[in-house]
Amino acid sequence: MIVDDRARSLHELLDGFERVAGMFPDPDEAAHAGAILELIRTTPAPCSSAQYHPGHLTASVLLVAPAAGQVLLIHHPTLGRWLQPGGHIDPDDPTISAAAAREVLEETGLSVQLDPGPFDLDVHPIPTRPDRPGHLHFDVRFLARLDGLPAPGGGEGIVARWCPRAVAFELVDDLGLRRMLAKVVAAGWLR
1023 MIVDDRARSL HELLDGFERV AGMFPDPDEA AHAGAILELI RTTPAPCSSA
1073 QYHPGHLTAS VLLVAPAAGQ VLLIHHPTLG RWLQPGGHID PDDPTISAAA
1123 AREVLEETGL SVQLDPGPFD LDVHPIPTRP DRPGHLHFDV RFLARLDGLP
1173 APGGGEGIVA RWCPRAVAFE LVDDLGLRRM LAKVVAAGWL R
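Residue numbers (the working numbering): 1023 to 1213.
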């Protein structure tokens, strides 16, 4: 029984998508969708960042400026990699998309309107740290399309920068983020 309303809502959305042939044409993303559904169905607190076995839901956003043909990337201070803004779902976040928008605001200083529904799904390992065991992040990824290139300036000391396609693909080594970049290239939003 799913007790968290945020997880229940995501379960209903993904369960419906799973029934639509071709919703996840990429086999990796289809597998991630199945893993996220399994997490929601079988763990007691899928939205809790304290649930380490096997992990928990997270939320992130790919920000794209279609007119400029650029995406906003952040340099993750802990992982030392260029990624999209995102993070844990806080107990007071009313929805998973609200958690994603809050993370963007915290990490970039930008207030964004997300496209409805998830843009991408990804499950990836998080390494062991002194204060927590290694675990998985079951990331629900959204898209935000912005006009212009608003200057980022988050309060968490995170470096953020707008990047054209060639620079983004040069900086990014994460396969899931590269899949999202390919999606925005295919849509004509990234030159």
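C-beta: ideal position from N, C-alpha, C; glycine also. Owing to the predicted nature of the structure, the values given are computational and were not obtained by experimental measurement.
| Asked | Found |
| --- | --- |
| 9 Å Cβ cutoff met for Phe1164 and Leu1084 | yes |
| Rounded straight-line distance, which links the Cα of Gly1077 to that of Ser1133 | 28 Å |
| Cys1185 - partner residues in DSSP beta bridges | Val1093 |
| Residues sharing a beta bridge with Leu1084, DSSP | Leu1165 |
| Rounded Cβ spacing between Ile1118 and Ala1072 (contact assumed at less than 8 Å) | Between Ala1072 and Ile1118 the Cβ distance is about 17 Å, and since that is not below 8 Å, they are no contact. |
| Rounded C-alpha distance that separates Gly1210 from Asp1195 | 22 Å |
| Alpha helix (DSSP H) runs wholly inside the region 1095 to 1127, at least 4 long, in chain order | none |
| Boundaries of the beta strand (DSSP E) in which Asp1144 is found, first to last residue | Asp1142 to Ile1148 |
| Cβ-based burial, Pro1147 [other Cβ within 10 Å; buried from 16] | exposed |
| Start-to-end residues for the alpha helix (DSSP H) that takes in Met1202 | Leu1197 to Ala1208 |
| Closest residue to Asp1026 among Leu1105, Ile1180, Ile1062 and Ala1123 (Cα-Cα distance) | Ile1062 |
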